[in-house]
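For the sequence shown, full-length UniProt numbering begins at 1 and goes up steadily by one.
Glycine included, each C-beta is placed from N, C-alpha and C at the ideal position.
The structure displayed is predicted, hence computed values, not measured ones.
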Amino acid sequence: MSNRLLANCPKFEALISSWQKGDTMPFIYDTVWDLIKLEDYLTEREDIDSSRIGITGESLGGMHAWFAAFANTRYSIVVPIIGVQGFRWAIEHDRWQARVDSIKDVFEEACSI
């Protein structure tokens, strides 16, 4: 891919920014994209009831499930299992979503597309 093409691609811009600054985690884009394509495939199958497709994951997989459901609202249920060190403390100090806050720009960019 030429540098000119890279300059016009938000995904590659995010990757470059991540490598240079460590300010985003664009690898999540790839996994969420894969999960959306998987859901597309499952929806097309005649032997699967598309109204009963759900998604779950634990830890990073929980984040992927959460983000995939945010980007693709066709899932009938989402069960992300994302741990925090102390649930009460996390709620009282509004720190339960710290990982999401660390990639806020990724969500904003995804919403703008």
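query: Test item: CB-CB of residue 45 and residue 76 under 8 Å; result: no
query: Coil, strand or helix - residue 13 by DSSP; result: helix
query: DSSP-derived helix/strand/coil call for residue 28; result: helix
query: For residue 44, the three-state DSSP class (helix, strand or coil); result: helix
query: Assigned secondary structure, residue 81 (DSSP; H/G/I helix, E/B strand, else coil); result: strand
query: Whole-angstrom C-beta distance between residue 82 and residue 62, which should lie under 8 Å; result: 4 Å
query: Residues bridged to residue 53 (per DSSP); result: Per DSSP, none; premise fails for residue 53.
query: Distance CB(residue 28)-CB(residue 71) smaller than 8 Å; result: no
query: Where the alpha helix (DSSP H) containing residue 64 begins and where it ends; result: 60-71
query: Buried versus exposed call for residue 93 [16 or more other C-beta atoms within 10 Å across all chains shown]; result: exposed
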